[in-house]
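Residue numbers (full-length UniProt numbering): 1 to 94.
C-beta atoms are modelled at their ideal positions from N, C-alpha and C, and glycine is treated no differently.
In this text the structure is predicted, and so the values were computed from the model without any measurement.
Shown next, in structure tokens, is the structure this report addresses.
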């Protein structure tokens with residue numbers, strides 16, 4: 001998303017996976033009022049990370065299509081991604 005504020009609908013759309021979107025909608029709909037902002041913020045971060053990952057994947061694919069070695073520009077982020085996935089999983093978000 002560019003400069004538009006995040007909404008429940010835009011987060012749902014950015015998640016890209018129907019099961020993940022349904023999980024988000026379920027959590028946001030069941031959240032008590034005092035936790036609503038935290039639930040929204042957590043899923044907004046997940047949506048932003050998802051969009052960033054898609055963009056990085058497209059950039060890598062474009063580099064490969066041009067015959068470039070994408071590893072020259074993008075370092076191995078496996079450990080960082082696995083750590084982030086574990087953090088998200090431990091919070092029950094993915």
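When the Cβ atoms of the stretch 56 to 64 are set against those of the stretch 15 to 29, are three or more pairs found closer than 8 angstroms?
Not touching, per the Cβ criterion.
Three-state secondary structure (DSSP) at residue 19?
Helix.
If we ignore side chains and look at the alpha-carbon of each, how far apart do residue 33 and residue 27 end up?
Going by the C-alpha atoms only, they are around 12 angstroms apart.
Nearest-angstrom beta carbon gap, residue 15 and residue 47 [assumed within contact, 8 angstroms]:
With a Cβ gap of about 6 angstroms, residue 47 and residue 15 count as contacting.
Could you round the C-beta distance between residue 11 and residue 44 to whole angstroms and report it? I think they count as a contact, below 8 angstroms.
The pair is a contact, with the Cβ atoms about 6 angstroms apart (cut-off 8 angstroms).
With respect to 6 angstroms, is the separation between the Cβ of residue 52 and the closest non-hydrogen atom of the ligand PLP below this value?
This structure simply doesn't include the ligand PLP, nor any ligand for that matter.
According to DSSP, is residue 32 helix, strand or coil?
The answer is coil: DSSP assigns residue 32 none of H, G, I, E or B.
For the alpha helix (DSSP H) containing residue 87, name the first residue and the last one.
Element bounds for residue 87: 78 to 90.
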